[in-house]
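Residue numbers (my numbering): 593 to 739. Cβ atoms here follow ideal geometry from the backbone N, Cα and C, with glycine treated the same way. As the structure is a computational prediction, the values presented were derived from the model and not from experiment. Below is one structure, written out as structure tokens, with a few remarks after it.
Next up, the structure:
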């Protein structure tokens, strides 16, 4: 399995998957469902999905957390601009700033290996003290160099 050293490498490695939501979601749906069920989410929880891809985890978690903050981060802009919004819309969810607290999901462009990812996320959300009750990183650990 290849690893990726830079955000450009990640984009090059995954851009061929942008726009094929049905294939990718079918491939990872069972893993995502199991991870979300295991998290025992409650209304008001905040969740972070690193490597959100097609938005499957976001679509599965937002109904459980209600007005809690739901944030997806990915290094592939195509997933954030095309696939994740399409998947969210199918679940009657909206990309911020659209929607209400109960239907709103935040999507941020950043690499999982960003030097200061927590502060970057807090800054972009304008929520300096936000803490996450659950952090998902499904299907990305194999892409990060071991060093």
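Using only CA atoms, which one of 640, 660, 702 and 683 lies nearest to residue 668? As a position in the chain shown, residue 668 is number 76, starting the count at 1. Out of 640, 660, 702 and 683, 702 has the C-alpha closest to the C-alpha of residue 668.
So, are the CB atoms of residue 665 and residue 624 less than 8 Å apart? Mapped onto the chain shown, residue 665 falls at position 73. Mapped onto the chain shown, residue 624 falls at position 32. In this structure, residue 624 does not lie closer than 8 Å to residue 665 by Cβ.
Residue 657 to residue 633 span [Cα, whole Å]: To locate residue 657, count along the chain shown from 1; it is residue 65. To locate residue 633, count along the chain shown from 1; it is residue 41. Approximately 6 Å, taken between the alpha carbons.
In terms of residue numbering, what span does the beta strand (DSSP E) encompassing residue 673 cover? Position 81 of the chain shown holds residue 673. Note, residue 673: premise wrong, no beta strand (DSSP E); not H, not E.
Would you call the CB atoms of residue 698 and residue 717 closer than 8 Å? The residue given as residue 698 occupies position 106 in the chain shown. The residue given as residue 717 occupies position 125 in the chain shown. Their beta carbons are under 8 Å apart, which means residue 698 touches residue 717 by this criterion.
Quick check on residue 636: buried or exposed, where buried means 16 or more other Cβ atoms within 10 Å of its Cβ? Locating residue 636 in the chain shown gives position 44, counting from the first residue. Around the beta carbon of residue 636, fewer than 16 other beta carbons sit within 10 angstroms, so the residue counts as exposed.
From residue 653 to residue 708, what does the alpha carbon distance come to, in whole angstroms? Your numbering for residue 653 matches position 61 in the chain shown. Your numbering for residue 708 matches position 116 in the chain shown. So the two alpha carbons sit approximately 25 Å from each other.
Nearest neighbour of residue 732, chosen from 631, 638 and 646 [CA to CA]: Within the chain shown, numbered from 1, the residue matching residue 732 stands at position 140. Comparing alpha carbon positions, the residue from 631, 638 and 646 closest to residue 732 is 646.
Taking residue 724 and residue 640 to be in contact with their CB atoms under 8 Å, please state how far apart those CB atoms are, rounded to whole angstroms. The residue labelled residue 724 in the question sits at position 132 within the chain shown. The residue labelled residue 640 in the question sits at position 48 within the chain shown. In this structure residue 724 touches residue 640 by the C-beta definition: roughly 4 Å separates them, less than 8 Å.
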